[in-house]
Every structure is written in structure tokens, then in C-alpha cells.
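**Q** The following block contains the structure, expressed as C-alpha cells.
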Amino acid sequence: MAVFPSTAAAQAAGRTGRRTRKATGRGPGRTQRSAYLFIAPIALGFLVFYLWPLLQTFYFSFTSFGVFGGNTWVGGENYQRVVQDVTVGRALLNTLVYMAMGLVTLPVAIVLADLMNRPGLRGVSVYRALYFLPFITLPTAVGLVWNWLYNGDFGMVNEALSVIGVDGRYWVSDPSTAVYAIGTVMVWSQVGYYLIIFIAGIKAIPRDYYEAAQLDGAGPVRRFFRITLPLLSPSIFFASVICVINSLQQFDLIYVMMSPVNPALGSTQSIVTLFYKWAFEENSQGGAAALAFLLMLLIAGLTYLQFRFQKRWVHYA
Amino acid sequence: MRRRSLLAGAVAATPVLATGCSGGGDSPDGSGGRTVLRYGMWDPLQVPGMRKIAKAFEAEHPEISVKIEVTPFDAYWTTLKTAMRGGSAPDVFWMNAVNIQLYASNGVLRPLDEFIERDGFDMGVHPGELVGMYSYGGERYAMPKDFDTIGLWYNKELFDRAGVPYPDDTWTWDTLRDAAAELTDPSRGVHGITGEMWRQYTYYNTIPQAGGYVIRDGRSGFDDPRTIEGLRLWTDMIDRGWSPSQSAMTDTRGRQLYLSERTAMNYDLSAMASQMYASPAIRDHGGVAVLPRGRERATTIHGLANAISGKSPRAGAAWEFVKFMGSRRAAEIQAREGVTISSYAGTQDIWVKSMPEFELRHFIDMLDYAVPYPASKYTAAWENLQTQLLGRPWTGKGGIEEAARTLARQMNLALEQEK
């Protein structure tokens, strides 16, 4: 959870930085040098494992990537393919559906977190563990088990539906339902993660506010909307940033749940599964690099927008 | 200063790592000056058999030892490509029809012609379709190891119950359709047949049976009326409810439905025999027949082969191993394991006799009219198009003809890219 945007901590860090510079005068001082030393491991890792591959990918996106070496410069051809290929548009649309479904997780997690923070609730840690369990389970295992549950002829989902007289379908192999079926599993497996964040967020809200509100006659619903939600907004902001990034990068569940002969394959493909297909199945690494770059820009853009608009609704206490 | 020295240290460390990676396979290493061959494969089921063959080979060639490296199929080709780029690929490795042209055309395989001619090795002991499949530009690039054909697996009990005579070599598409209709029994949840959208098992067989083709002279055959006939045989049976739709067969594969006696007929690989044999019910009342004929007789043949890396510095030893793998002795060891049919002529009997309850000889009989698995340089690109575009007709949504024509158009675009 190192990414937690604890603004207070950031400001504190900024302040100390300024102070050291003032204290040591010109040039890097001893404190600063040791600070660099401390960040060196992560900085090196970033340079070697992120920045360098990123630059390489950018370069490859302008080449026709020889399967066994030997790349040739093709200019904007790959980007042209990305723009023209209909499957890219479809994958983008599917990815946005996953994102929308991912964002639905947040209100669910907030309500659950609020319920679990009710004073006097017994067995909170058991619930917490139960909700968190799917998140730490291997996506491969999750996908396989859900495929069995979803099985159109022998699955438990349809078995349960038949009890109430509903005729089930082939959830993951029907093009009209598959994307939602996978999205549901995604929500299910992530809700525990956001739950933990929100439980911690709610715990940090001083009890006095609630007591004061109660004395003023505010009911539980009002207290939730007027106290819990605004004071939880920094956590919600963090969760929504992470959630958007995660759902835009959906790969493993789709890969595991969709067999190559699934007729719904095209309607569930995300940008990342398409990337995988181009790069590793169809030997079109150049096009895949261009696709990856497009995805990076999309993520960067959406994250920027979120940071941009956070002032409108995020309250840092 | 400290920072610079740290960087210098990092730079100095890199080549050490690099040599550490590539050096692993090159040295004859500590096994007493013997040449160590690395052999790449993907099927864990075949490891015991391959190990026995390697043992037999080492006994004949004490100066060479073979190290088997298994990479699961899903990662096999990605790993191999990356290893090829980095120069750390195994010396000898498994090759399939989908990939051979890609590898051969990029010059990363060692052509075998010079060795074959030097040693006077008779390639005629392996089926011509397979030898042809692994040739590119007039050169032979891999030694066939085994093969697979497709047969009609059926359930005698379900046939008896419906009063339908068992399939035999007189069957045509019409007999097949009539039988599928009669065998379908919705009240018991039994379908007559499972016509999966899985090219090798179903439509790659019926397309040539109808007189059509998948690819010819670098052009798609999917807009050929006869090819479409070969596809329609299946979508028609789905539309009539004699076969489950592709949605149902995605959730539960045709093979599973056959094993659990939910379908009376299933087109499937010869390699599945041992799995069928392991099911007591199918062993008791399962059977195999040759594929029903359309205009013509046909079945798809595919087989794996052993190829030598073009970058291997031990090509001589590698050839000795590949030659041994292509010999009668290795073929017999492999056949006895019962996993695959060896491609060496005359060694198939061992496999046929290993499961006397099934008449496995039908798989061998079909060799006479077997059609090679269609492939080009970037086979995977247009194979992916098939699943994308045929899914709708295979689930009863939209006609097969239009889908096939779209497929032909897009496949031709993909084939253009190969040039």
C-alpha cells in the first residue's frame, strides 16, 4: 500500500526537503546524498525495469518486429493498424465495460465497510477474511471455478436459478452475457481489497463526529452521507484511481475463462488480451507495442483527469 | 563519487550476468567431455517415452547425452522464440505444422537435406504428407515423429438403444445426418453428434470431403462453395438440434460429452484413444470408424516432428539424435507407450494392438486419403479469424455462407501480410 496518497506525509516530506537544502546551502549535502542512496535501489529498478522497456516499446511500435530478431522501421504503420482495426475498437469498448463494472465495486465496498464498522458487530475479522479471500486467490483458480459455476448445462448458477423457475443461459459462451459474467467475477474478486481500504478509512474518522451528529438528531443514513462519505473521500479517491487502472489492465480472468473456441471470445476481449494475441500468437509485436502505448496513454489520461477533478469532491481533513 | 562507482559496478555486473545466461548450454559441462544435447518438448505425458528413447540413444552413442526440457504448450512457442533471439534455444526441439513455415522461412532451423543425403536416410518410411508438411522451399527441415488422424468415435449402447446400425466404411454424409437425427434424444439429454467449432476435429475434415480447401497457393478457400458446404454440414446439424450449439460445447467440450455418454458420435483425434480407454464405459461400449465420406474421402493428418536449431553449435550430434528419433527402434519405444502413433511405417501395429477393444486400425487405414493440416507462414493469424467469425453461425445466429465469405476476405488480407 505504498502508493497511498497520504498528502500529509507528502507535504511533510516536501518540508523536510526544503529544510535540508536550506541547512546545507549549495550543492548536495550529506543528508541529501544519503537520501539518494536510499532511493537508489528503487530508482535503479525503475530505470531498468520500467523506463528502459518503455522507451524500447515506444521504439518497437514504429518497427516491424522480426520474430527471431531483425526489426525494420515502418513509421506509423502500426498506429495506422491500431486505428483501422475493428477489433481494437471492440476491445476498447469491452475494456470500458470492465472499467464501469469495476467502479461499481466501490459503492458496494463502501456500504459493506460501513456495515462492518457498526459498533457491536461480532465476528468482523471473520467477515473481513471471507471478503478478502477471493482477492488473494490465484485468478487462474478463480476463473476455473467460476467457469464451472457458470456452466450452462451443469453449473450451479443455473441450478440455483432453476429453483426460482428462471431458465439460465450459457453465461460465459453467449456473446450477449459473457462480458458481464466476467465483469461480475472481477467485482467479486476485488471487493475485498477495497473493503479493507474503506474499513481502515472509516476507522480513522473520529467517533466524536458521529456522537455530535447523533445528539443533533441525525439518523444513520444522514450520518453516512454527511460524515462517513465526505471524510472517506480521500480513500475513495485512491480506490477509484487504482480501480480504473486495474480494470483497464484486465487480462488473467479473461484469458483463463475464455477458451479459444468460445464464440463469445470477440465480445470479451480487452485491450490487454488483444495485445497478448497480437504479440504472442500472431507474431505482430510491432502492432502490439503500438497498442500497449495507446493503453498507457489512456490510463495516463484517465488518471490525470481523476487527479484534476479530485478537488471538486475529495475532502482532506 | 560513490554514485559513479555504484553505476560502474552495475555496468560491470551486466556482462557477467549475460554470459551466465548463455553459457549454460554451450559448454560440454562436467559430464566427462560428453556432448550434451538439449531437447525441447511440451507434452508431460510423453516424457517417460522420450526419456526411454534418449536412454537407448545414449547407449548407442556414449559420447552424447540428452537433456530433456519440458515447457508447457501454452508457453512453448513464446519461450522458444525468445530463446531463439537470445541464442539459448534447445539444440533439438518439437515442431508442429502451424509453426514450421514461420521458423523455416526465417532461417532459424538447420536444413536436414545435407545430412539425409550424406547418410542415405530413407524419408519414405514416414508418411509423405508429413514429410511434405515439414518441407519449405524444397528443403526438409524436420523429422516426423508421430501422427494423428481424425476418426468417428461412437457409443454402441446409444446406437443400440436408438436401433441405428453402427457406422462403417459405407457411411456417407447422408447416413451421418440420418443417424444424428435418430440418435438425438432430448428427453435423456443426448445429442446425436457433437460438431464443435474446432478446425482439426470437424471442418478441416469435411471441407476436403466436400471437395473444398482451406488454403491453396496463398489464397483462402473459405469463399469456395464446396468449402462452405463442408462448414454447413455442421452448422446445419446445430440448427436442427442434432448437435449442441457451440456455446454449450464451450462450457462442456464435445470430448467430455462423449466420455459422459451425452453424445452418440464425436469426431476426435487418434491420440485420444488412451484417454477414451481409461473410461470404463467407453472402453466397454465405445467404438471407432473411418470418417463418413462426402464427395470424397478425407481425414486431417497432423504430426509432430523433431527440428534442429540453426544456431546449435552441435548440429552433428543433434542430427544423430534426430536420425535416431526417426528410426524404427525409437518409433517402437514410442508406440509401446501408447500415447501417440509413431509415424515410422509398420510400427503402428503395436499401438493398434495396445487397445484391442477399439478398432484403432481405422485410423491407420485413413492414411491413404489423409489431407495435411493446412498451414502458411503466419498460420495463427488466420486461425484466430476463424474462431472470431464462425462463432455466430456455430451458435445458430446468422448464416454460414456470409460468415465464410467475410472470413475469406479477412484471411486473404492476413495472407497478403505474409509476403
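One line per chain: the protein sequences are H and X, in this order.
Position one of the first sequence corresponds to residue 13 (our numbering), numbered consecutively onward.
Position one of the second sequence corresponds to residue 1312 (our numbering), numbered consecutively onward.
Don't be surprised by glycine CBs; every beta carbon is placed ideally from N, CA and C.
Keep in mind that this is a model prediction, so the values were computed, not measured.
Kindly indicate if chain H contains any beta-carbon less than 7 Å away from that of X:GLY1335.
**A** Here residue 1335 of chain X refers to the residue found at position 24 when the second sequence is read from its first residue. Confidence is the limiting factor: at X:GLY1335 the pLDDT is only 36, short of 50, which leaves the residue's position unreliable, though a coordinate-based value still follows. By this cut-off, X:GLY1335 is not an interface position.
**Q** With DSSP run on the structure shown, which of helix, strand or coil describes X:ASN1617?
**A** Translated into the one-based positions of the second sequence, residue 1617 of chain X becomes position 306. Strand at X:ASN1617.
**Q** Going along the chain, which residues of its own chain have a beta-carbon closer than 7 Å to the beta-carbon of X:VAL1442, five neighbours each way excluded?
**A** As a first step, residue 1442 of chain X is located in the second sequence; it is residue number 131 there, counting from the start. Closer than 7 Å at Cβ, skipping near neighbours: MET1434, ARG1451 and PRO1455.
**Q** Counting along the chain, where does the alpha helix (DSSP H) carrying H:TRP64 start and finish?
**A** In the first sequence, residue 64 of chain H corresponds to position 52, counting from 1. 64 to 72 is the span of the alpha helix (DSSP H), which, as asked, contains H:TRP64.
**Q** Mind checking X:PRO1476: buried by the 16 CB within 10 Å criterion, or exposed?
**A** Counting from one through the second sequence, the residue named residue 1476 of chain X turns up at place 165. Exposed, since its Cβ has fewer than 16 Cβ neighbours within 10 Å.
**Q** Output needed for X:GLN1697: all residues of its chain with C-beta closer than 7 Å, excluding positions within five of it in sequence on either side, in chain order.
**A** On the second sequence, residue 1697 of chain X is found 386 positions in, with the first residue counted as 1. So the qualifying residues of the chain are ARG1510 and LEU1718.
**Q** Between the beta-carbon of H:VAL94 and the beta-carbon of X:LYS1392, is there less than 7 Å?
**A** Position 82 of the first sequence, counted from the start, is the residue given in the question as residue 94 of chain H. Position 81 of the second sequence, counted from the start, is the residue given in the question as residue 1392 of chain X. The answer is no: Cβ separation not under 7 Å.
**Q** So what does X:GLU1380 bridge to, in DSSP terms?
**A** Your numbering for residue 1380 of chain X matches position 69 in the second sequence. In DSSP, X:GLU1380 forms a bridge with X:GLY1351.
**Q** If contact means a Cβ-Cβ distance below 7 Å, which residues of the region 1559 to 1577 of chain X contact chain H?
**A** ALA1559, THR1561, ASP1562 and THR1563
**Q** Answer yes or no: do H:THR107 and H:ILE283 have a C-beta to C-beta separation smaller than 7 Å?
**A** For this step, residue 107 of chain H is matched to residue 95 along the first sequence. For this step, residue 283 of chain H is matched to residue 271 along the first sequence. It is a contact, given that the beta carbons lie within the stated cut-off.
**Q** Is X:TYR1689 helix, strand or coil by DSSP?
**A** Here residue 1689 of chain X corresponds to residue number 378 of the second sequence, with the count starting at 1. Residue state for X:TYR1689 is assigned as coil, using DSSP reduced to three classes.
**Q** For X:MET1576, which residues does DSSP report across the bridge?
**A** Residue mapping note: residue 1576 of chain X aligns to position 265 of the second sequence, counting from 1. X:MET1576 pairs with X:TYR1465 and X:ILE1504.
**Q** I need the straight-line Cα distance from X:VAL1633 to X:TRP1405, nearest angstrom please.
**A** Here residue 1633 of chain X corresponds to residue number 322 of the second sequence, with the count starting at 1. Here residue 1405 of chain X corresponds to residue number 94 of the second sequence, with the count starting at 1. Their backbone Cα atoms lie some 11 Å apart in a straight line.
**Q** Quick check: the region 67 to 87 of chain H against the region 250 to 260 of chain H, are there 3 or more CB pairs under 8 Å?
**A** no
**Q** Could you tell me whether the Cβ atoms of X:ARG1349 and X:ASP1402 are closer together than 7 Å?
**A** One-based indexing of the second sequence puts residue 1349 of chain X at position 38. One-based indexing of the second sequence puts residue 1402 of chain X at position 91. A contact, by the Cβ cut-off of 7 Å.
**Q** Is X:ALA1559 helix, strand or coil when you go by DSSP?
**A** For this step, residue 1559 of chain X is matched to residue 248 along the second sequence. If DSSP states are grouped into helix, strand and coil, X:ALA1559 belongs with the helices.
**Q** Counting only C-beta atoms, is H:SER185 closer than 7 Å to chain X at any point?
**A** Numbered from its first residue, the first sequence carries residue 185 of chain H at position 173. Yes, its Cβ sits closer than 7 Å to a Cβ of chain X.
**Q** Under DSSP, the alpha helix (DSSP H) around H:VAL256 begins and ends at which residues?
**A** Residue 256 of chain H sits at position 244 when you count from the first residue of the first sequence. Its alpha helix (DSSP H) spans residues 241 to 260.
**Q** Using the Cα positions of X:ASP1579 and X:GLY1702, report the straight-line distance between them to the nearest angstrom.
**A** Within the second sequence, residue 1579 of chain X is the residue found at index 268, counting from 1. Within the second sequence, residue 1702 of chain X is the residue found at index 391, counting from 1. The alpha-carbon atoms of X:ASP1579 and X:GLY1702 are separated by roughly 20 Å.
**Q** So what does DSSP say about H:GLY81, is it helix, strand or coil?
**A** On the first sequence, position 69 is the one that residue 81 of chain H refers to. The answer is strand: DSSP assigns H:GLY81 an E or B state.
**Q** Please specify which runs of the alpha helix (DSSP H), each continuous and at least 4 residues long, are wholly inside the region 1393 to 1480 of chain X, giving them in chain order.
**A** DSSP runs (the alpha helix (DSSP H)) wholly in the region 1393 to 1480 of chain X: 1408 to 1416, 1424 to 1430, 1439 to 1444 and 1467 to 1473.
**Q** Note down, in chain order, each residue of its chain lying with its Cβ closer than 7 Å to the Cβ of H:VAL191, except the 5 sequence neighbours on either side.
**A** Along the first sequence, read from residue 1 onward, the residue named residue 191 of chain H stands at position 179. The residues are ASN106, VAL109, SER279 and THR280.
**Q** Exposed or buried, H:GLU294, counting other C-beta atoms within 10 Å across all chains shown (16 or more means buried)?
**A** Position 282 of the first sequence, counted from the start, is the residue given in the question as residue 294 of chain H. With 16 or more Cβ atoms within 10 Å of its Cβ, H:GLU294 is classed as buried.
**Q** With 8 Å as the C-beta to C-beta threshold (strictly closer), list the residues of the region 284 to 297 of chain H near chain X in chain order.
**A** LYS289, PHE292, GLU293, GLU294, ASN295 and SER296
**Q** Is any beta-carbon of chain H found at less than 7 Å from that of X:GLN1721?
**A** Numbered from its first residue, the second sequence carries residue 1721 of chain X at position 410. No, because no Cβ of chain H sits closer than 7 Å to the Cβ of X:GLN1721.
**Q** Pull out every residue of the region 1665 to 1693 of chain X whose Cβ sits closer than 8 Å to any Cβ of chain H, in chain order.
**A** TYR1689, ALA1691 and ALA1692
**Q** Considering only C-alpha positions, which residue in the set H:GLN68, H:VAL100, H:ALA153 and H:GLN96 is nearest to H:PHE287?
**A** If you number the first sequence from 1, residue 287 of chain H lands on position 275. Ranking the options by Cα distance to H:PHE287, first place goes to H:VAL100.
**Q** Return the chain-ordered list of same chain residues with a C-beta closer than 7 Å to the C-beta of X:ASN1407, the five sequence neighbours on each side being excluded.
**A** Numbered from its first residue, the second sequence carries residue 1407 of chain X at position 96. The residues are LEU1615.
**Q** Answer with yes or no whether the minimum CB distance from H:GLY164 to chain X is below 7 Å.
**A** Locating residue 164 of chain H in the first sequence gives position 152, counting from the first residue. Yes - at least one Cβ of chain X is within 7 Å of the one on H:GLY164.
**Q** Quickly, what does DSSP pair H:ALA230 with across the bridge? List them, please.
**A** Start at 1 with the first residue of the first sequence, and residue 230 of chain H comes out as number 218. Paired residues: none, contrary to the question.
**Q** Evaluate the contact criterion for the region 1570 to 1585 of chain X versus the region 1358 to 1373 of chain X: three or more CB pairs, one atom per stretch, below 8 Å.
**A** At 8 Å Cβ cutoff, the stretches do not touch.
**Q** With C-beta atoms as the reference, is X:THR1513 less than 7 Å away from X:TRP1545?
**A** Sequence index remark: in the second sequence, residue 1513 of chain X carries index 202 (1-based). Sequence index remark: in the second sequence, residue 1545 of chain X carries index 234 (1-based). If you check the CB distance, X:THR1513 and X:TRP1545 come in under 7 Å.
**Q** Give the DSSP-derived three-state secondary structure of H:GLY164 in the structure shown.
**A** Within the first sequence, residue 164 of chain H is the residue found at index 152, counting from 1. Coil.
**Q** State buried or exposed for X:MET1722, treating a residue as buried only when at least 16 other CB atoms are found within 10 Å of its CB.
**A** Here the question's residue 1722 of chain X lines up with position 411 in the second sequence. Answer is buried; the Cβ neighbour count reaches 16.
**Q** Quick one: residues in its chain with C-beta nearer than 8 Å to the C-beta of X:LEU1423, no 5 flanking neighbours on either side, listed in chain order?
**A** The sequence position of residue 1423 of chain X within the second sequence is 112, counting from 1. Closer than 8 Å at the Cβ level, and outside the excluded window around X:LEU1423, lie GLU1450, ARG1451, TYR1452, ALA1453, MET1454, ILE1619, TRP1630 and VAL1633.
**Q** Assuming H:ASP126 contacts H:ILE214 under a Cβ cut-off of 8 Å, what Cβ separation, rounded to an integer in Å, is found between them?
**A** Working through the first sequence from its first residue, we reach residue 126 of chain H at position 114. Working through the first sequence from its first residue, we reach residue 214 of chain H at position 202. Indeed they touch by this definition, with Cβ atoms about 6 Å apart.
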